[in-house]
Amino acid sequence: MGYWVRLCLSVLYFSLISLSSAIVDADNDDYEVPIPSTLDGPFKPVTVPLDKTFRGNAMDLPHTDPLLQTTAQGFQPQQISLSLSSSHHSVSISWITGEFQIGDNVEPLDPNSVASVVRYGRFRRSMSHRATGYSLVYSQLYPFEGLQNYTSGIIHHVRLTGLRPNTLYQYECGDPSLSAMSDVHYFRTMPVSGPKSYPNRIAVVGDLGLTYNTTSTFDHLTSNHPDLILLVGDVTYADLYLTNGTGADCYSCAFPDTPIHETYQPRWDYWGRYMQPLISSVPIMVIEGDHDIEPQAENQTFVAYSSRFAFPSEESGSSSTLYYSFKAGGIHFIMLGSYTSYDKSGDQYKWLERDLASVDREVTPWLVATWHAPWYSTYKAHYREAECMRVEMEDLLYEYGVDIVFNGHVNAYERSNGVYNYTLDPCGPVYITVGDGGNREKMATTHADEPGECPEPSTTPGDFLGGFCAFNFTSGPAAGNFCWDRQPDYSAFRESSFGHGILEVYLIFLSPLFAPFLWRDIVKTVKNETHALWIWHRNQDFYESAGDEIYIVRQPQNCPLWGRILRDLRVHSCNIPAFPALDWSSCC
């Protein structure tokens, strides 16, 4: 054995000995509590008592705050952001040039007056590659006297292709002919898709807004150095404002008589400026929330949301920015729309069927779904609001073995046990609600199972979700009632605090040579195609502290993917007499 090999092994040996000694003391009386896994569940429901001493600051940052100002001059880029394509080969760079206008008479800028160019190359090499894209301008118009109209700066989207996986790149964007290029920024591509290939850390946050609480969430999230950010809806809360810039925590309470739900669109520009230091280097993938609907003239909705971000909709076979999918290493992400049709006869459902059927779990073992309005939240706010979506889509997601679901909407934190159709099920997804990013609506603190807090069923359908599907339970401990009289069994952990979460799925190689020297629970830090570590971080804690943490464990050997099995049967079993009771006419 070579000298350097022996030296490295010796260093690793003594490092592991020191690690185990630091965790377990000599008397074995004091040791770090091991992180539980879903294999230890189902867990008895836990509610963390409300900490009334810490409510944060749910006031929006004023437009005069220096963090919301731009230093860009002329047509220099601002609000630069990065998003993924459907695979590691490409990313999209987005930015804005020129200033927005707001008033009675606004004149849109010409999107063709400024070029959309990105110069890029691998880190510490020349930026010799060049890509061009397209540009657009959107308007938020109100056909009512006294309301101010808005038109954006020029929004640019450029897609870079042919990139190497897990590689650090540098880039600058803008229009070189106008000497209007950005500073140099950096990003790392996602690893190639495979069962042992994952981004290190994925940040998950919802209902972010732009308050002083948001700044705390932002600082905590940034300190965790994520490789990817999922924003599960409700981006800026510009719809809590009138067009004159007057805002409120509750729009319908403060402004009940407005002829249309107004917005103050400059809040989108402030948000983009504030977020640029992070999302110009770390890709952010967004799905719409109810506060992103923003109705305007001619019944248009989601115009700001759809214009400002680049989505891999076309690459993933979707015809809409409201639902799409993408891959990040060995994870296949499905981003679903709570506020567009989810009926089985609709476009989104049919797209979802195709997308799920295309997933190769040998290549992307993890299947993670995200949408805004939760199905399994036990808070009074928005309780069972998305029941119609659950009725339509839950079977399909269960049959294809979705592992984790992330939601927002409810401004608090909650994690479920594995659940399907309100019943504990180890093969069901773990549902995690992270609508606690920091918006000005403040925290949800009341639970539907508390005495006197169960809402009337007729009040539960959301204004934009449509339909009524939330009836009394017909079985289980809550049979005959609309709510449980205690924290439901499927709710494992809930707490009203602001924060964000980190999902880690990666592989650490450990030589069996050192296994005897490892503390028994250190082995559990090996994360791979069956183990993922989820950590929820509260804003009031130190950066490294965890408010909730658990290993989420996939059990493919115990949970057959019925969706794929039935699909394969339909494809291969036509005219086979072994299945005389099944009607294969739809596939033959």
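With mature numbering (1 follows the signal peptide of the UniProt record, and there is no 0) applied, the sequence shown corresponds to residues -22 to -1, 1 to 566, in that order.
Glycine included, C-beta positions come from ideal geometry on N, C-alpha and C.
No experiment lies behind these values; they were computed from the predicted model shown.
Problem - Span of the beta strand (DSSP E), counted from its first residue to its last, around T192 - result: As a working note, residue 192 is residue 214 in the sequence shown. Where T192 is concerned, there is no enclosing beta strand (DSSP E), although the alpha helix (DSSP H) it sits in stretches over Y190 to S201.
Practice task
Flag this pair as yes or no: are the beta carbons of H66 and P173 separated by less than 8 Å?
Solution key: Counted from its first residue, the sequence shown places residue 66 at position 88. Counted from its first residue, the sequence shown places residue 173 at position 195. No, the Cβ-Cβ distance between H66 and P173 is not below 8 Å.
Handout entry: Status (buried if at least 16 other CB within 10 Å, exposed otherwise) for E292
Key = If you number the sequence shown from 1, residue 292 lands on position 314. By the neighbour-count rule (16 or more Cβ atoms within 10 Å), E292 is not buried but exposed.
Practice task
Taking the CB atoms as reference points, tell me whether P86 and T129 lie closer together than 8 Å.
Solution key: Looking up residue 86 in the sequence shown gives position 108. Looking up residue 129 in the sequence shown gives position 151. Yes, Cβ-Cβ distance for P86 and T129 is below 8 Å.
Exercise for the section: Use the C-beta contact count for D153: other C-beta atoms within 10 angstroms, 16 or more gives buried, fewer gives exposed. Expected result: Taking the first residue of the sequence shown as 1, we reach residue 153 at position 175. Counting Cβ neighbours within 10 Å, D153 comes out buried, since at least 16 surround it.
Exercise for the section: Please name the residue, chosen from H425, S436, D519 and R472, that lies closest to Y409 on a Cα-to-Cα basis. Expected result: Residue numbering aside, residue 409 sits at position 431 when the sequence shown is read from its first letter. Measuring from the Cα of Y409, the nearest candidate turns out to be R472.
Practice task
Return helix, strand or coil for E150, following the three-state DSSP convention.
Solution key: Numbered from 1 along the sequence shown, position 172 holds the residue referred to as residue 150. Of the three classes helix, strand and coil, the one that applies to E150 here is strand, per DSSP.
Practice task
State the Cα-Cα distance for the pair V369 and P407, rounded to the nearest angstrom.
Solution key: Counted from its first residue, the sequence shown places residue 369 at position 391. Counted from its first residue, the sequence shown places residue 407 at position 429. Near 15 Å, if we compare the C-alpha coordinates of P407 and V369.
Practice task
Kindly identify the DSSP beta-bridge partner or partners of residue 579.
Solution key: Outside the shown range of the chain (-22 to 566) lies residue 579, about which nothing can therefore be said.
Exercise for the section: Would you decide whether residue 572 is buried or exposed? Buried here means 16 or more other CB atoms lie within 10 Å of its CB. Expected result: Any answer about residue 572 is impossible in this case: the structure gives the chain only from -22 up to 566.
Handout entry: Simplified DSSP assignment, three categories, for N298
Key = Residue 298 sits at position 320 when you count from the first residue of the sequence shown. Here residue 298 turns out to be Ser, not Asn, going by the sequence shown. Here S298 sits in coil by DSSP.
Practice task
For E482, write down the residues that DSSP places opposite it in a beta bridge.
Solution key: Numbered from its first residue, the sequence shown carries residue 482 at position 504. Looking at the DSSP assignment, E482 forms a beta bridge with L511.
Handout entry: Status (buried if at least 16 other CB within 10 Å, exposed otherwise) for S75
Key = In the sequence shown, the residue the question calls residue 75 occupies position 97. Before going further, note that residue 75 is Thr rather than Ser in the sequence given. Buried, because 16 or more other Cβ atoms sit within 10 Å of the Cβ of T75.
Practice task
On the DSSP bridge assignment, give the partners of D38 in chain order.
Solution key: Within the sequence shown, residue 38 is the residue found at index 60, counting from 1. Answer by DSSP bridge pairing, in chain order: T189.
Problem - C565 to P429 span [Cα, whole Å] - result: Counting from 1 along the sequence shown, the entry for residue 565 is found at position 587. Counting from 1 along the sequence shown, the entry for residue 429 is found at position 451. Any reading at C565 needs caution, since the residue's pLDDT is 35, under 50, leaving its predicted position unreliable; the model's value is listed next. Distance between the alpha carbons of C565 and P429: 52 Å.
Handout entry: Pairwise C-alpha distance: R516 and S523
Key = Within the sequence shown, residue 523 is the residue found at index 545, counting from 1. Within the sequence shown, residue 516 is the residue found at index 538, counting from 1. The alpha-carbon atoms of S523 and R516 are separated by roughly 8 Å.
Exercise for the section: Flag this pair as yes or no: are the beta carbons of M371 and L443 separated by less than 8 Å? Expected result: Translated into positions along the sequence shown, residue 371 becomes position 393. Translated into positions along the sequence shown, residue 443 becomes position 465. It is not a contact, given that the beta carbons lie outside the stated cut-off.
Practice task
Enumerate in chain order the residues of its own chain whose CB-to-CB distance from P23 is below 6 Å, with the five nearest sequence positions on each side excluded.
Solution key: Here residue 23 corresponds to residue number 45 of the sequence shown, with the count starting at 1. Only Q465 and S469 meet the Cβ criterion.
Problem - When A448, M159, N536 and V383 are compared against I309, the one with the closest alpha-carbon - result: Looking up residue 309 in the sequence shown gives position 331. I309 has its Cα closest to that of V383, out of A448, M159, N536 and V383.
Exercise for the section: Check whether the Cβ atoms of Q254 and A216 sit closer than 8 Å, and answer yes or no. Expected result: Taking the first residue of the sequence shown as 1, we reach residue 254 at position 276. Taking the first residue of the sequence shown as 1, we reach residue 216 at position 238. Cβ distance not < 8 Å, so Q254 and A216 don't count as in contact.
Problem - Buried/exposed call for residue 568, threshold 16 Cβ in 10 Å - result: The structure shown has nothing for residue 568, since the chain only spans -22 to 566.
Handout entry: Cβ-Cβ distance between I257 and L481 below 8 Å
Key = For this step, residue 257 is matched to residue 279 along the sequence shown. For this step, residue 481 is matched to residue 503 along the sequence shown. No, the pair does not count as a contact, with Cβ atoms beyond the cut-off.
Exercise for the section: Put residue 567 into one of helix, strand or coil per three-state DSSP. Expected result: Since the displayed the chain opens at -22 and closes at 566, residue 567 lies outside it and no answer follows.
Handout entry: Where T437 sits in the DSSP three-state scheme
Key = Counting from 1 along the sequence shown, the entry for residue 437 is found at position 459. T437: helix per DSSP, three-state reduction.
Practice task
State the start and end residues of the unbroken alpha helix (DSSP H) segment that holds residue 568.
Solution key: Because the chain is modelled from -22 through 566, residue 568 falls outside the range shown and cannot be assessed.
Problem - Cβ pair V69, P204 closer than 8 Å - result: Your numbering for residue 69 matches position 91 in the sequence shown. Your numbering for residue 204 matches position 226 in the sequence shown. No. Outside cutoff.
Handout entry: Proximity below 8 Å, CB of L28 to CB of T423
Key = Reading the sequence shown from its first residue, position 50 is the one you call residue 28. Reading the sequence shown from its first residue, position 445 is the one you call residue 423. Closer than 8 Å, so yes.
Practice task
Just confirm the distance between the C-beta atoms of I58 and S194, as a whole number of angstroms; I'd bet it's less than 8 Å.
Solution key: Working through the sequence shown from its first residue, we reach residue 58 at position 80. Working through the sequence shown from its first residue, we reach residue 194 at position 216. Not really, about 23 Å apart at Cβ, beyond 8 Å.
Handout entry: Neighbourhood of A93 by C-beta, 6 Å cutoff - its chain only, sequence neighbours within 5 removed
Key = For the purposes of this step, residue 93 is taken as the residue at position 115 of the sequence shown. Excluding residues within five positions, the ones whose Cβ falls inside 6 Å are D153.
Exercise for the section: Could you tell me the distance, in whole angstroms, from the CA atom of L209 to the CA atom of Q535? Expected result: Taking the sequence shown and counting its residues from 1, one reaches residue 209 at position 231. Taking the sequence shown and counting its residues from 1, one reaches residue 535 at position 557. Distance between the alpha carbons of L209 and Q535: 32 Å.
Practice task
Let me know if Q126 comes out buried or exposed under the rule of 16 or more other beta-carbons within 10 Å of its beta-carbon.
Solution key: Here the question's residue 126 lines up with position 148 in the sequence shown. Per the 10 Å Cβ criterion, buried.
Practice task
Have a look at P538 and Y354 and give me their C-alpha separation to the nearest angstrom.
Solution key: Along the sequence shown, one-based indexing puts residue 538 at 560. Along the sequence shown, one-based indexing puts residue 354 at 376. Taking the straight line joining both Cα atoms gives about 23 Å.
Exercise for the section: Give the secondary structure of S323 by DSSP, where H, G and I count as helix, E and B as strand, and everything else as coil. Expected result: Taking the first residue of the sequence shown as position 1, residue 323 is located at position 345. DSSP places S323 in coil when its eight states are reduced to three.
Exercise for the section: Keeping to the same chain, check which residues put their C-beta closer than 8 Å to that of H425; ignore five residues upstream and five downstream. Expected result: As a first step, residue 425 is located in the sequence shown; it is residue number 447 there, counting from the start. Cβ neighbours of H425 beyond the five flanking positions: T25, T356, Y357, K358, E431, Q465 and R472.
Handout entry: C-beta contact flag for V388 and P435 at 8 Å
Key = Looking up residue 388 in the sequence shown gives position 410. Looking up residue 435 in the sequence shown gives position 457. No, they are not a contact pair.
Problem - Nearest neighbour of S113, chosen from P55, G99 and R166 [CA to CA] - result: Translated into the one-based positions of the sequence shown, residue 113 becomes position 135. Among P55, G99 and R166, the Cα nearest to that of S113 belongs to P55.
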